[in-house]
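K.L.:
Residue numbers (the working numbering), protein chains in the order written: chain A, 23 to 129; chain B, 31 to 288.
Beta carbons are placed, not taken as given, at the ideal position from N, Cα and C, and that holds for glycine.
Sharing a structure, written as structure tokens. Questions coming.
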Amino acid sequence: MSARALINVPKTAKRGEVIEIRTLISHIMETGFRHGTNGQSIPRDIITSLTVRYNGEEIFSTLLYPAIAANPFVTFSTVATESGTLTFTWEGDNGFSVTEEAKIVVA
Amino acid sequence: MWWRSLLAGALALFLATLALAEIPLDQRRSGYDMMSASTKAMQDDDTSNPATLSVLDGEALWSRKAGSEGKACADCHGDAEQSMRGVAARYPAFSAARGRPINLEQRINLCRTEQQKAPPLAYESRDLLALTAFVGRQSRGMPIAVENSDQTRPFIEAGRKSYSARQGQLNLSCQNCHDDNWGQKLAGIAMPQGHPNGYPLYRLEWQSLGSLQRRLRNCLIGMRAEPYAYGADEYVDLELFLMWRARGMTMETPAVRP
Numbered sequence: 023m024s025a026r027a028l029i030n031v032p033k034t035a036k037r038g039e040v041i042e043i044r045t046l047i048s049h050i051m052e053t054g055f056r057h058g059t060n061g062q063s064i065p066r067d068i069i070t071s072l073t074v075r076y077n078g079e080e081i082f083s084t085l086l087y088p089a090i091a092a093n094p095f096v097t098f099s100t101v102a103t104e105s106g107t108l109t110f111t112w113e114g115d116n117g118f119s120v121t122e123e124a125k126i127v128v129a
Numbered sequence: 031m032w033w034r035s036l037l038a039g040a041l042a043l044f045l046a047t048l049a050l051a052e053i054p055l056d057q058r059r060s061g062y063d064m065m066s067a068s069t070k071a072m073q074d075d076d077t078s079n080p081a082t083l084s085v086l087d088g089e090a091l092w093s094r095k096a097g098s099e100g101k102a103c104a105d106c107h108g109d110a111e112q113s114m115r116g117v118a119a120r121y122p123a124f125s126a127a128r129g130r131p132i133n134l135e136q137r138i139n140l141c142r143t144e145q146q147k148a149p150p151l152a153y154e155s156r157d158l159l160a161l162t163a164f165v166g167r168q169s170r171g172m173p174i175a176v177e178n179s180d181q182t183r184p185f186i187e188a189g190r191k192s193y194s195a196r197q198g199q200l201n202l203s204c205q206n207c208h209d210d211n212w213g214q215k216l217a218g219i220a221m222p223q224g225h226p227n228g229y230p231l232y233r234l235e236w237q238s239l240g241s242l243q244r245r246l247r248n249c250l251i252g253m254r255a256e257p258y259a260y261g262a263d264e265y266v267d268l269e270l271f272l273m274w275r276a277r278g279m280t281m282e283t284p285a286v287r288p
């Protein structure tokens, strides 16, 4: 199964209102520091970045590191400026790339 | 006489030990009550509960055809929101085919092998956990109601026996911690009463979803006892007893635990 992401963006907001956005994505976040039962090291497999665009303009980005737990949960706030689309892009090791969208109506 | 007061003292001590043996029904508490505010918040909001990811996987599997019969769960059971409501709260339940109680995972695999003619899913596999979490989710908020009848009682008693039997190199029984010392600290963490009201659950320590049998395996290894194989009758009996012990408590599936 491919990665599954959950995004929580308010459906509607007033112009200028501060809104909270929550994201959760399924990922094992294998640190690269662990060894398997055969003694061989398990290669690193993590999400390395999350970038959020609001109608094409980048409003939030973060880098992720091996110490972050599996299924990273990222929450941040932004100002609701206009109606449109928020685009969330997670990228990581082994060509991992997931893009999800959420709509918001600003009155 | 001095020996009389000694005898009375010994009797009082004995009665106190007896009183400790089982938690009165109204004093039972879900492990949720002992969690930190942030862990509670994780469980309370579906979009921050990582187990939701598995529930959604399970929802997709529910209507995916499998096996040589080409049937999906939904082809027989329809809408899970109606057909599976309260089902997980009744498991482990007696299976006439097996002549003994089976847990939800075994029930799902029985459906796969008998109805769908598909290979059974491995214990703790992503798909089996996802389906169990999806079915369990339909009982969230409902009271635990396992059957206590002539056919299940011998198995509840067998579970009670293994719950109270000392085992392992540390010579502990489940009771020593979860009945007699719940709320006390073990390695800095509050010991819960051990009610299985949220399985399969997302455990932060595991960083994944896991079944009750995985949790029991953890406890047994901690006691330095030999764990049973997944799906062993001993585990199912213990699960049944634990669900009986938690009767009437609210299902939290899929829960989050530290």
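Is there a Cβ of chain A sitting closer than 8 Å to that of B/Pro284, yes or no?
P.N.:
Position 254 of the second sequence, counted from the first residue, corresponds to residue 284 of chain B. No - not a single Cβ of chain A is within 8 Å of the one on B/Pro284.
K.L.:
Taking 8 Å as the cut-off, decide whether the C-beta atoms of B/Leu83 and A/Leu46 are in contact.
P.N.:
Taking the first residue of the second sequence as 1, we reach residue 83 of chain B at position 53. Taking the first residue of the first sequence as 1, we reach residue 46 of chain A at position 24. Yes, they are a contact pair.
K.L.:
Do you know offhand how far B/Glu52's Cα is from B/Cys103's?
P.N.:
To locate residue 52 of chain B, count along the second sequence from 1; it is residue 22. To locate residue 103 of chain B, count along the second sequence from 1; it is residue 73. Taking the straight line joining both Cα atoms gives about 40 Å.
K.L.:
Below 8 Å, how does it come out for the segment 74 to 81 of chain B and the segment 143 to 157 of chain B: are there three or more Cβ pairs, yes or no?
P.N.:
With the cut-off at 8 Å, the segment 74 to 81 of chain B and the segment 143 to 157 of chain B do not touch.
K.L.:
Secondary structure at B/Ala46, three-state DSSP: helix, strand or coil?
P.N.:
The residue you call residue 46 of chain B lines up with position 16 of the second sequence. The predicted model places B/Ala46 with a pLDDT of 48, which falls under 50 and marks its position as unreliable, so this point remains unresolved.
K.L.:
Starting from the N-terminal side, write out each stretch of the alpha helix (DSSP H) that is 4 residues or longer and does not extend beyond the segment 50 to 89 of chain B.
P.N.:
Counting whole runs of 4 or more residues, the segment 50 to 89 of chain B contains the alpha helix (DSSP H) stretches 67 to 74.
K.L.:
Which value, in whole angstroms, describes the spacing of the CA atoms of A/Lys36 and A/Glu122?
P.N.:
Numbered from its first residue, the first sequence carries residue 36 of chain A at position 14. Numbered from its first residue, the first sequence carries residue 122 of chain A at position 100. Answer to the nearest angstrom: the Cα atoms are 23 Å apart.
K.L.:
Sorted by chain position, which residues of the same chain lie with C-beta nearer than 6 Å to B/Glu269's C-beta, five sequence neighbours on each side aside?
P.N.:
What you label residue 269 of chain B is simply residue 239 of the second sequence in a count that begins at 1. Only Pro122, Asn133, Leu242 meet the Cβ criterion.
K.L.:
Count the other C-beta atoms from every protein chain shown that fall within 10 angstroms of the C-beta of A/Gly117, then say buried if there are 16 or more, exposed otherwise.
P.N.:
The sequence position of residue 117 of chain A within the first sequence is 95, counting from 1. With fewer than 16 other Cβ atoms within 10 Å, it is exposed.
K.L.:
Out of curiosity, what's the CA-to-CA distance linking B/Glu99 and B/Leu91?
P.N.:
As a first step, residue 99 of chain B is located in the second sequence; it is residue number 69 there, counting from the start. As a first step, residue 91 of chain B is located in the second sequence; it is residue number 61 there, counting from the start. Their backbone Cα atoms lie some 16 Å apart in a straight line.
K.L.:
With 8 Å set as the bound, which would you pick, yes or no: does the beta-carbon of A/Ala92 sit closer than that to a beta-carbon of chain B?
P.N.:
Locating residue 92 of chain A in the first sequence gives position 70, counting from the first residue. Yes, A/Ala92 counts as interfacial toward chain B.
K.L.:
Which residues in the same chain have their Cβ closer than 6 Å to the Cβ of A/Ala92, if we skip the five residues on either side of it in sequence?
P.N.:
In the first sequence, the residue the question calls residue 92 of chain A occupies position 70. Excluding sequence neighbours, A/Ala92 sits near Ile50, Met51.
K.L.:
Does any CB atom of chain A fall closer than 8 Å to the CB of B/Thr162?
P.N.:
The residue labelled residue 162 of chain B in the question sits at position 132 within the second sequence. So no, B/Thr162 is outside the interface.
K.L.:
Could you name the residues of the same chain whose beta carbon sits closer than 7 Å to that of A/Pro94, not counting the 5 residues immediately before and after it, in chain order?
P.N.:
As a position in the first sequence, residue 94 of chain A is number 72, starting the count at 1. Only Ile47, His49, Met51, Ile69, Leu86 meet the Cβ criterion.
K.L.:
Determine, for B/Leu231, whether the minimum Cβ-Cβ distance to residues of chain A falls below 8 Å.
P.N.:
Here the question's residue 231 of chain B lines up with position 201 in the second sequence. Closer than 8 Å: no.
K.L.:
Within 10 angstroms of its Cβ, does B/Cys141 collect 16 or more other Cβ (buried), or is it exposed?
P.N.:
As a position in the second sequence, residue 141 of chain B is number 111, starting the count at 1. Buried, by the Cβ-count rule.
K.L.:
Given 8 Å as the limit, is there contact between the segment 59 to 69 of chain B and the segment 219 to 228 of chain B, that is, 3 or more CB pairs closer than that?
P.N.:
Short answer: they touch.
K.L.:
Return yes when the Cβ of B/Glu177 is within less than 8 Å of the Cβ of B/Arg120, no when it is not.
P.N.:
Here the question's residue 120 of chain B lines up with position 90 in the second sequence. Here the question's residue 177 of chain B lines up with position 147 in the second sequence. For B/Arg120 and B/Glu177, yes; Cβs fall inside 8 Å.
K.L.:
Between the alpha carbons of B/Ser113 and B/Gly228, how many angstroms are there, rounded?
P.N.:
Reading the second sequence from its first residue, position 83 is the one you call residue 113 of chain B. Reading the second sequence from its first residue, position 198 is the one you call residue 228 of chain B. Distance between the alpha carbons of B/Ser113 and B/Gly228: 20 Å.
K.L.:
Which of the three DSSP states is assigned to B/Phe271 in this structure?
P.N.:
Numbered from its first residue, the second sequence carries residue 271 of chain B at position 241. B/Phe271: helix per DSSP, three-state reduction.
K.L.:
Using DSSP with H/G/I as helix, E/B as strand and the rest coil, what is B/Trp92?
P.N.:
On the second sequence, position 62 is the one that residue 92 of chain B refers to. If DSSP states are grouped into helix, strand and coil, B/Trp92 belongs with the helices.
K.L.:
What are the boundary residues of the beta strand (DSSP E) that A/Ala14 is part of?
P.N.:
Lying outside 23 to 129, the shown extent of chain A, residue 14 of chain A is not represented and no answer is given.
K.L.:
Taking 8 Å as the threshold (beta carbon to beta carbon), is B/Pro80 in contact with chain A?
P.N.:
The residue labelled residue 80 of chain B in the question sits at position 50 within the second sequence. Cβ-Cβ to chain A under 8 Å: yes for B/Pro80.
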